[in-house]
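Student:
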Amino acid sequence: MNKLLLLSTLILLVGCSPEEKNKNSNSMTSLGESVYEKNCIGCHGPNGQGLAEDWKVKDANGNYPPPPLNGTAHTWHHSPEQLLYTINKGGTEMGGQMPAFEKRLSNEEKQALIDYMYNLWPKEIQTRYDQKFK
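This is the structure in structure tokens:
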């Protein structure tokens, strides 16, 4: 029994090596980029820079435009849970027009999207985010 437990633990540890984690992280980021290109690029721009001149000013319809996701707006101020909530429920609660993606994307796609957005941020913003939320 102890040998079986030891063997299971070793297999688990080998499976969680830094190289494998990095590989998984890279594939999640690639998936996130694909999800972003299919669902987000039209409103948030090719590099997450946003498309509005000023995302803090409501448009003619009284809605806020989509904010940049590249670290120059408020996205990085929100916890992973808050980001997931916004992806799921959309932006109408906050005065925006973003549709809900709760039923459009899988949980894996949503997490990959958050990973991709994180990678759009400058290293300094990533570090500040990590200190606050990780």
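In the numbering used here, the protein residues as written are 923 to 1056. Ideal placement from N, C-alpha and C gives every residue a C-beta, glycine not left out. Note that the structure is predicted; figures quoted are calculated from it, not measured.
1) Which of the three DSSP states, helix, strand or coil, is assigned to V957?
2) When burial is assigned at 16 or more other CB atoms within 10 Å of the CB, is N992 buried or exposed?
3) Note down, in chain order, each residue of its chain lying with its Cβ closer than 6 Å to the Cβ of K943, except the 5 sequence neighbours on either side.
4) I'd like the ranges of any alpha helix (DSSP H) spanning at least 4 consecutive residues and lying wholly in the stretch 942 to 1019.
5) Buried or exposed: which applies to D1052, given that a residue is buried once 16 or more other Cβ atoms fall within 10 Å of its Cβ?
6) Check whether the stretch 971 to 983 touches the stretch 947 to 957, counting contact only when three or more Cβ pairs, one atom from each stretch, lie closer than 8 Å.
7) Go ahead and label H966 buried or exposed: buried means 16 or more other beta carbons lie within 10 angstroms of its beta carbon, across all protein chains shown.
8) I think Q1033 touches Y1040, with their Cβ atoms under 8 Å apart; what is that distance to the nearest whole Å?
9) If I measure Cβ to Cβ from W1043 and keep anything under 6 Å in the same chain, skipping five residues before and after, which residues do I get?
10) DSSP state of R1026, grouped into three classes?
Tutor: The relevant details are as follows:
1) To locate residue 957, count along the sequence shown from 1; it is residue 35. It is helical.
2) Here the question's residue 992 lines up with position 70 in the sequence shown. That one is buried.
3) The residue you call residue 943 lines up with position 21 of the sequence shown. Low local confidence applies: a pLDDT of 42 at K943 is under 50, so the model's placement there is unreliable, with the coordinate-based value given in what follows. Here the set comprises nothing.
4) 963 to 966, 1002 to 1011
5) Numbered from 1 along the sequence shown, position 130 holds the residue referred to as residue 1052. Exposed.
6) no
7) Position 44 of the sequence shown, counted from the start, is the residue given in the question as residue 966. H966 should be labelled buried.
8) Along the sequence shown, read from residue 1 onward, the residue named residue 1033 stands at position 111. Along the sequence shown, read from residue 1 onward, the residue named residue 1040 stands at position 118. With 8 Å as the limit, Q1033 and Y1040 do not qualify as a contact, their Cβ atoms being about 11 Å apart.
9) Here residue 1043 is taken as the residue at index 121 of the sequence shown, counted from 1. The residues are G993, W998.
10) Taking the first residue of the sequence shown as 1, we reach residue 1026 at position 104. In the structure shown, R1026 sits in coil (DSSP, three-state: anything other than H, G, I, E or B).
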